[in-house]
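Presented below is the structure to which this report refers.
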Amino acid sequence: MPRGARATVSTDRVAPVRSAPGDVSPVDRRATDDGAVPAPGRATPPREARPGRDLAAEVGAGLDRTARVLAAHLAGESADGRRLHPAFGTLWAGLSDQVGGKLLRPRLTLAAYLGLGGRDVDGAAHVAAAQELVHTAMVVHDDLLDHDEVRRGRPTLTGTYRARLSGDGVVGRVAEDQVLAAGLLGGDLALVTAFGLVARAPLPADVRVRVVDLLVRGVTTSVGGELLDVTAGLRPPTDVDALLIAELKTAAYTCAVPLRAGAVLAGADERTVAALDRFGTVLGTAFQLVDDDLGVFGDPARTGKSALSDLRAGKRTELLRLSYLRADDAGRAVLDDVVGDPELDDAGAARVREVMVACGARGELAGAAARAAEAARRVALEDLPADLATYLCDLVDEMAGRQH
Numbered sequence: 001m002p003r004g005a006r007a008t009v010s011t012d013r014v015a016p017v018r019s020a021p022g023d024v025s026p027v028d029r030r031a032t033d034d035g036a037v038p039a040p041g042r043a044t045p046p047r048e049a050r051p052g053r054d055l056a057a058e059v060g061a062g063l064d065r066t067a068r069v070l071a072a073h074l075a076g077e078s079a080d081g082r083r084l085h086p087a088f089g090t091l092w093a094g095l096s097d098q099v100g101g102k103l104l105r106p107r108l109t110l111a112a113y114l115g116l117g118g119r120d121v122d123g124a125a126h127v128a129a130a131q132e133l134v135h136t137a138m139v140v141h142d143d144l145l146d147h148d149e150v151r152r153g154r155p156t157l158t159g160t161y162r163a164r165l166s167g168d169g170v171v172g173r174v175a176e177d178q179v180l181a182a183g184l185l186g187g188d189l190a191l192v193t194a195f196g197l198v199a200r201a202p203l204p205a206d207v208r209v210r211v212v213d214l215l216v217r218g219v220t221t222s223v224g225g226e227l228l229d230v231t232a233g234l235r236p237p238t239d240v241d242a243l244l245i246a247e248l249k250t251a252a253y254t255c256a257v258p259l260r261a262g263a264v265l266a267g268a269d270e271r272t273v274a275a276l277d278r279f280g281t282v283l284g285t286a287f288q289l290v291d292d293d294l295g296v297f298g299d300p301a302r303t304g305k306s307a308l309s310d311l312r313a314g315k316r317t318e319l320l321r322l323s324y325l326r327a328d329d330a331g332r333a334v335l336d337d338v339v340g341d342p343e344l345d346d347a348g349a350a351r352v353r354e355v356m357v358a359c360g361a362r363g364e365l366a367g368a369a370a371r372a373a374e375a376a377r378r379v380a381l382e383d384l385p386a387d388l389a390t391y392l393c394d395l396v397d398e399m400a401g402r403q404h
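All the letters of the sequence shown, read from the start, carry residue numbers 1 to 404 under the UniProt record's numbering.
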């Protein structure tokens, strides 16, 4: 087994992509007895697309507003931090540099809100911006746990602090303590300021409370997934439920909660909220499966992510689990020898990739991701208004296409 784990390999289970429960989602911490998907009634029959409407353009305009809300919020917090103490201002500046990118979570919030009839873009933009700050908090803490100091070709918050300390001649244990503090405190700042943004959003008080409740449950669910991800390193890959981790750690706050927040803002009924939850959970799982593939087979120049770090860490992904289940003795010997080696080089990674392809694990993972993506499309087309369903199906295709 990868370094740090020893156990016999079980080959009696190959988990399918989990069905995404609607009103029994991971965010709600409820589950059916047998894991089956409860058959949801349709909330509102999908409406015909509005003639001449361009939901993508509306979402784009909402994202522009969201970006302005984020910039103003971060500028204000950074200014307050500098007034308190220069060191606090420096932390805020470093954190602000980590915010932004594709804005997937704000995009989902705005799509759900506008696609369900919402019109107050300003109020929705504050909630969308809060989703991005929650993501920033998760990323900063995740980078700290994974010891990653470069993300998408740029230094992470901890990487920025380490470089600054090194330039000042601070190294060793003292530097490690400072880097740890920056990651912990910076992530905490991003998280609490996300809630502050919702608290001050131009929305009715009861709506703000509902959004805060969604964010709380999304964060706590993701923390549970992160804990399972971290402790998975103590177990052999075949004993780890990587799909559950994907649901809890990624799908909840990345897709399900942003969509549900948009639906709540639009005043959608519970069945529509449940449909979006099912869509988001399955889409988030597909997203993570594709991400796991890119973590081993992706081009770092395109993905911004190392193709060695997951293998060096022995990260318990569904791809690794399937590889152990499908490989022959010689292939498993290669995995045992290479996966989890912190000094892994390109040649060693190439050996692992060869095993993953030859045993069929990579193809099986691609099939699971494709089935999850198709399940998401089906939910959108069957249970959501036509404009929104079309937009979300295009998003599924966009996210699935990251492998190509």
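Even for Gly, the Cβ is constructed at its ideal location relative to N, Cα and C.
Remember, predicted model here, so these are calculated numbers, not experimental data.
Original post:
Does the beta-carbon of A112 have 16 or more other beta-carbons within 10 angstroms, so that it is buried, or is it exposed?
Top reply: Position 112 of the sequence shown, counted from the first residue, corresponds to residue 112. Burial call: buried.
**OP:** Please specify which runs of the alpha helix (DSSP H), each continuous and at least 4 residues long, are wholly inside the stretch 210–279, giving them in chain order.
**Re:** 242–245, 257–266
Original post:
Tell me which same chain residues have a C-beta within less than 8 Å of the C-beta of T11, skipping the five on either side of it?
Top reply: If you number the sequence shown from 1, residue 11 lands on position 11. Because the pLDDT of T11 is 36, which lies under 50, any placement of that residue in the model is unreliable, and the question is left without a value.
Original post:
Skipping 5 residues on each side, what residues in its chain have a beta carbon closer than 7 Å to that of A56?
Top reply: As a working note, residue 56 is residue 56 in the sequence shown. Cβ within range, chain order: Y391.
**OP:** Please state if the CB of L110 and the CB of A129 are separated by a distance shorter than 8 Å.
**Re:** Taking the first residue of the sequence shown as 1, we reach residue 129 at position 129. Taking the first residue of the sequence shown as 1, we reach residue 110 at position 110. Cβ distance not < 8 Å, so A129 and L110 don't count as in contact.
Subject >> Sequence-distant residues of the same chain with beta carbon closer than 8 Å to F195, five excluded per side >> reply: The count along the sequence shown starts at 1 and reaches residue 195 at position 195. These residues qualify, in order along the chain: A130, V212, L215.
Subject >> Among T303, S166, D293, L234, the one whose alpha carbon lies nearest that of A368 >> reply: Locating residue 368 in the sequence shown gives position 368, where the first residue counts as 1. Checking every option, the nearest Cα to that of A368 belongs to D293.
Original post:
In angstroms, rounded to a whole number, what distance separates the CA positions of L197 and D188?
Top reply: As a working note, residue 197 is residue 197 in the sequence shown. As a working note, residue 188 is residue 188 in the sequence shown. Their backbone Cα atoms lie some 14 Å apart in a straight line.
Original post:
Using a Cβ-Cβ cut-off of 6 Å (strictly less than) and excluding sequence neighbours within five positions of residue 448, which residues of its own chain qualify?
Top reply: Since the first residue shown for the chain is 1 and the last is 404, residue 448 is missing from the structure and cannot be characterised.
Original post:
What's the C-alpha gap between E247 and A61?
Top reply: For this step, residue 247 is matched to residue 247 along the sequence shown. For this step, residue 61 is matched to residue 61 along the sequence shown. When rounded, the distance between both Cα atoms is 30 Å.
Subject >> Bounding residues of the alpha helix (DSSP H) (the contiguous stretch that carries G186) >> reply: By one-based count along the sequence shown, residue 186 stands at place 186. 172–199 is the extent of the alpha helix (DSSP H) around G186.
Original post:
Going by alpha carbons, who is nearest to L70 out of H85, G101, F88?
Top reply: Residue numbering aside, residue 70 sits at position 70 when the sequence shown is read from its first letter. Residue G101 is the option with its Cα nearest to L70.
**OP:** In the DSSP assignment, find the unbroken alpha helix (DSSP H) run with D299 in it and report its ends.
**Re:** As a working mapping, residue 299 is identified with position 299 in the sequence shown. Counting along the chain, D299 sits inside no alpha helix (DSSP H), nor does DSSP assign it H or E at all.
Original post:
Is R151 buried or exposed, if buried means 16 or more other CB atoms sit within 10 Å of its CB?
Top reply: Indexing the sequence shown from 1 puts residue 151 at position 151. Classification for R151: buried.
Subject >> Cβ-based burial, L103 [other Cβ within 10 Å; buried from 16] >> reply: Along the sequence shown, read from residue 1 onward, the residue named residue 103 stands at position 103. Classification for L103: buried.
**OP:** With DSSP collapsed to three states, give me the class of P155.
**Re:** Counting from 1 along the sequence shown, the entry for residue 155 is found at position 155. P155 falls in the strand class under three-state DSSP.
Original post:
To the nearest whole angstrom, what separates the beta carbons of residue 405 and A349, a pair I think is in contact under 8 Å?
Top reply: Within the shown structure, residues of the chain are numbered from 1 to 404, placing residue 405 beyond reach of any answer.
**OP:** Out of R173, D229, V179, point me to the one whose CA is closest to G159's CA.
**Re:** For this step, residue 159 is matched to residue 159 along the sequence shown. Comparing Cα-Cα distances from G159 to each of R173, D229, V179, the minimum goes to V179.
**OP:** State the beta-bridge partners of V150 as determined by DSSP.
**Re:** Your numbering for residue 150 matches position 150 in the sequence shown. Its beta-bridge partners are P155.
Original post:
Excluding sequence positions up to five away, which residues of its chain have a Cβ less than 6 Å from the Cβ of P258?
Top reply: Numbered from 1 along the sequence shown, position 258 holds the residue referred to as residue 258. So the qualifying residues of the chain are R105, L108, T109, Q131.
**OP:** Determine, using beta carbons only, whether L381 and A268 come nearer to each other than 8 Å.
**Re:** Position 381 of the sequence shown holds residue 381. Position 268 of the sequence shown holds residue 268. Going by C-beta atoms, L381 is not nearer than 8 Å to A268.
Original post:
Between G218 and R316, is the Cβ-Cβ spacing less than 8 Å?
Top reply: Along the sequence shown, read from residue 1 onward, the residue named residue 218 stands at position 218. Along the sequence shown, read from residue 1 onward, the residue named residue 316 stands at position 316. Their beta carbons are not under 8 Å apart, which means G218 does not touch R316 by this criterion.
Subject >> Whole-angstrom distance between V264 and R210, CA atom to CA atom >> reply: As a working note, residue 210 is residue 210 in the sequence shown. As a working note, residue 264 is residue 264 in the sequence shown. Their backbone Cα atoms lie some 8 Å apart in a straight line.
Subject >> Same chain only: Cβ atoms within 8 Å of L63, ignoring 5 sequence neighbours per side >> reply: Working through the sequence shown from its first residue, we reach residue 63 at position 63. L103, P106, R107, L110, A128.
Original post:
When burial is assigned at 16 or more other CB atoms within 10 Å of the CB, is E398 buried or exposed?
Top reply: On the sequence shown, residue 398 is found 398 positions in, with the first residue counted as 1. The residue in question, E398, is exposed, as its Cβ has fewer than 16 Cβ neighbours within 10 Å.
**OP:** Take every Cβ of the stretch 293–303, pair it with every Cβ of the stretch 339–346, and state whether three or more of those distances are shorter than 8 Å.
**Re:** no
**OP:** Quick one: residues in its chain with C-beta nearer than 6 Å to the C-beta of L228, no 5 flanking neighbours on either side, listed in chain order?
**Re:** Taking the first residue of the sequence shown as 1, we reach residue 228 at position 228. Only I245 meet the Cβ criterion.
Subject >> Beta-carbon contacts of R377 that lie in its chain and below 6 Å, excluding the five residues immediately before and after >> reply: As a working mapping, residue 377 is identified with position 377 in the sequence shown. Hits under 6 Å: C393, V396.
Subject >> Residue environment, G22, which counts as buried when at least 16 other CB atoms sit within 10 Å >> reply: For this step, residue 22 is matched to residue 22 along the sequence shown. With a pLDDT of only 36 at G22, under the threshold of 50, the placement of this residue in the model should not be trusted, and no figure is reported.
Subject >> T281 beta carbon less than 8 Å from that of A256 >> reply: Counting from one through the sequence shown, the residue named residue 256 turns up at place 256. Counting from one through the sequence shown, the residue named residue 281 turns up at place 281. Cβ distance < 8 Å, so A256 and T281 count as in contact.
**OP:** Taking 8 Å as the cut-off, decide whether the C-beta atoms of L289 and A372 are in contact.
**Re:** On the sequence shown, residue 289 is found 289 positions in, with the first residue counted as 1. On the sequence shown, residue 372 is found 372 positions in, with the first residue counted as 1. Contact: yes.
Original post:
How about L335 and L365: do their beta carbons lie closer than 8 Å?
Top reply: As a working note, residue 335 is residue 335 in the sequence shown. As a working note, residue 365 is residue 365 in the sequence shown. No. Outside cutoff.
**OP:** Put E343 into one of helix, strand or coil per three-state DSSP.
**Re:** Looking up residue 343 in the sequence shown gives position 343. Coil at E343, not helix or strand.
Subject >> Supposed close pair A261, V379 - CB separation, criterion 8 Å >> reply: The residue you call residue 261 lines up with position 261 of the sequence shown. The residue you call residue 379 lines up with position 379 of the sequence shown. Their Cβ separation, rounded to whole angstroms, is 18 Å, which puts A261 and V379 out of contact at 8 Å.
**OP:** Have a look at S323 and L388 and give me their C-alpha separation to the nearest angstrom.
**Re:** As a working note, residue 323 is residue 323 in the sequence shown. As a working note, residue 388 is residue 388 in the sequence shown. Approximately 37 Å, taken between the alpha carbons.
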